[in-house]
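Here is the structure we will look at.
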Amino acid sequence: MAAAHVIIARKEIVDHLRDRRSLASTAAYALMGPAIVMLVSLSPEGQDKEMPVIMLGMMSVFALVSTFVGGMNIAIDVMSGERERRSLVPLLMTPVTPRDVVIGKWMAASIFGLGALGLNVAGLVIVLALGAPATLVTHAALLASWAILGLGPLTLLGASLEILVAGLSRTMKEAGTSLTLVLFAPMIIGMFMVFFPVPDGWWSVVPIVGQQIVIDAGLRGGPAVSLPVVVLGLVTAGCAWVPLAAAERVLSRDDLAA
Amino acid sequence: MIEVEGLHKRYGAVAAVDGVSFVAPDGQITGLLGANGAGKTTTLGMICGVVKPDAGTIRLDGAAAATIEMRRRLGALPDHQGIYSRLTARENIRFFGQLHGLSGAGLEDRVQAAVSLLGLVAIADRRTAGFSQGERMKVALARALVHDPPNLLLDEPTNGLDVPTVRTLRRLLEDLRARGTCIVFSSHVMEEVSALCDTVVILAGGRVVAAGHPHEICRGTACASLDDAFMRLSNAEEVPVWLPRT
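Going down the list, the sequences are from chains A and B. In this text, residue positions in the first sequence follow this note's numbering: the first is 1, and each later residue adds one. In this text, residue positions in the second sequence follow this note's numbering: the first is 1001, and each later residue adds one.
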């Protein structure tokens, strides 16, 4: 017999795979970055000598944002959506703990988050291979390896933040508004660092900041794997437990059933 | 059997439940009767474990109910049934069976038994989006019964249902009572409570103001109907509280 959180995760995945509008929206957001980079690379300005640097910056920000995109819709649906539809209370009346419920839902959100990240990175790799200036093509494999080590754990953290914020929201509308603000975190940090790069330092293991540093370094030809990236991945994945613990407390509150 | 002793629950300055005690025996239907805000849903929430009591004890079949394991001995139908609209009726029921620890052929047998019991065979493999209120209630009830619990809690189960569905539900509850299931259900439909319940517990302002067979309550309050008795007992300023049977 499967553990309760696995049963819940499986149900959420099956349920969400049937929400075609949500899947289409997630895929569109995940592929928006590669599409824009493709358009820029095909334009006459795309052949400009300075353009590869700008495109690298754009790609890193899009990749960073994609870590938060894939889990957003499902997090809203399984937390505030369930609360709004009053299906959370029957779930909590079964012999499962709030922790099982939170972890199950987070696992499902993470899987969709990783899917969106995979779609984004695959799109960027294809764009680089097909239409980008030759100087960028060599970076495609590096981009993939940085994505797995740096961005994979950030997806887990993003999904846990989304589960918490959606759990704190009483309605799906409220959750959507709040999560749009959460999505700004990687976007603003990423954009800021494109224009004001920071040198290596202790902040290279701070989630989001560290990811931006390593993606940028990777795209510019840095080493494929290094110790700071591994440490960053571990720190980021470890940080995912903090919002999950807070979400568990939210589901233990009496007002959910009141 | 469900035993509730001295339950208290406050939300800020409001005492939602203020010293509620009652016993719901096996093979009987116990009705929790009360106006809106009387404390019925909060009491049921505490029995189910989703609301933490400030004080008091709840025992399920003789053991403390506040454990995850004891929830396997309980089936619950909350006031809003909350089924998953993108899953089929069968998938909804199966999911809850899995959460109650069922698996493999045993799970499928129990799912099929619940589907048959509630008359859901024709629609079992349809997604529940678009189901009528009665069909949704049946799915939710099948979900609560899939693990064959010895104790069943129903919070206003007939709300919004048409007459045939209410009759189906009544027959089902009578069958479950005959099989020895302990059933507690809350309602404010007097006719339903009079027809079904062996014992009625009337709540007002978070307190038990009367308990006993509907006829006993009518006699004790010198009222011709449970309806009248309820109205008098629900308004403490109108008449003194009729002491519950011990």
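Ideal placement from N, C-alpha and C gives every residue a C-beta, glycine not left out. This structure is a prediction, so every number in the text was calculated from the model and none was measured.
- Put simply, the CB of B/Ala1224 is far from chain A, with every gap to its CB atoms at 8 Å or more.
- Neighbours of A/Ile7 in chain B, taken as residues at a C-beta separation under 8 Å, are given in chain order as Phe1095, Gln1098, Leu1099.
- Counting the other Cβ atoms within 10 Å of the Cβ of A/Asp216 gives 16 or more, which makes it buried.
- Per the Cβ contact rule, the region 56-75 of chain A is in contact with the region 119-130 of chain A (3 or more Cβ pairs under 8 Å).
- Annotated as distal: B/Asp1155 and B/Ser1116, with beta-carbon spacing of 8 Å or more.
- Counting along the chain, no alpha helix (DSSP H) covers A/Val78, and no H or E run does either.
- Taking C-beta separations shorter than 7 Å and ignoring five residues to either side along the sequence, the partners of B/Cys1048 in its chain run Leu1074, Ala1076, Leu1153, following chain order.
- Counting the other Cβ atoms within 10 Å of the Cβ of B/Ser1103 gives fewer than 16, which makes it exposed.
- DSSP lists no bridge partner for B/Asp1175.
- The region 1031-1110 of chain B is shown to contain whole beta strand (DSSP E) runs of 3 or more residues at 1055-1060, 1074-1077, in chain order.
- The shortest C-alpha to C-alpha distance from A/Thr155 to any of A/Leu232, A/Gly201, A/Leu88 is the one to A/Leu232.
- Of all residues in the region 11-22 of chain A, only Lys11, Asp15, Arg18, Asp19 place a beta-carbon less than 7 Å from a beta-carbon of chain B.
- Annotation: the continuous beta strand (DSSP E) that includes B/Thr1199 extends over 1199-1204.
- Contact annotation for B/Glu1069 against chain A: Pro95 [CB-CB distance below 8 Å, chain order].
- Between B/Ile1202 and B/Leu1033, the beta carbon gap of about 5 Å places them in contact (Cβ cut-off 8 Å).
- The DSSP-derived three-state label of A/Ile208 is coil.
- Only buried fits A/Ile76, as 16 or more other CB atoms lie within 10 angstroms of its CB.
- Residue state for A/Ser87 is assigned as coil, using DSSP reduced to three classes.
- Close to A/Val250, with beta-carbon spacing below 7 Å, lies no residue of chain B; the smallest spacing is near 13 Å.
- Taken in chain order, the members of the region 1065-1091 of chain B whose beta-carbon sits within less than 7 Å of a beta-carbon on chain A are Ile1068, Glu1069, Arg1071, Arg1072, Ala1076, Pro1078, His1080, Gly1082, Ile1083, Tyr1084, Arg1086, Leu1087.
- Assigned with DSSP and collapsed to three states, A/Val231 falls in helix.
- Using a CB distance cut-off of 8 Å, B/Val1050 counts as an interface residue toward chain A.
- Among the CB atoms of chain B, none fall inside 8 Å of the CB of A/Arg99.
- Interface residue (Cβ-Cβ distance to chain B less than 8 Å): A/Leu256 is classified as such.
- Under the three-state reduction of DSSP output, A/Ser178 falls in the helix class.
- For A/Ala4, the nearest CB of chain B lies under 8 Å from its own CB, placing it at the interface with that chain.
- At a cut-off of 8 Å between beta-carbon atoms, A/Ser41 makes no contact with chain B.
- Here A/Leu161 has Val182, Pro243 as same chain residues with Cβ atoms under 7 Å from its own Cβ, once five neighbours each way along the sequence are excluded.
- A Cβ-Cβ separation of about 16 Å leaves A/Leu151 out of contact with A/Val37 under the 8 Å criterion.
- Our two residues, B/Arg1207 and B/Val1014, have alpha carbons roughly 13 Å apart in a direct line.
- Inter-residue distance for A/Asn73 and A/Ile163 is about 10 Å (C-alpha atoms, whole angstroms).
- For B/Gly1006, the enclosing beta strand (DSSP E) starts and ends at 1002-1011.
- Take the alpha-carbon of B/Ala1211 and the one of B/Asp1227: they are about 14 Å apart.
- DSSP, read as helix, strand or coil, puts B/Ala1024 in strand.
- With fewer than 16 other CB atoms across the displayed protein chains lying within 10 angstroms of its CB, A/Pro44 is exposed.
- Between the alpha carbons of B/Gly1180 and B/Val1017 lies a distance of about 29 Å.
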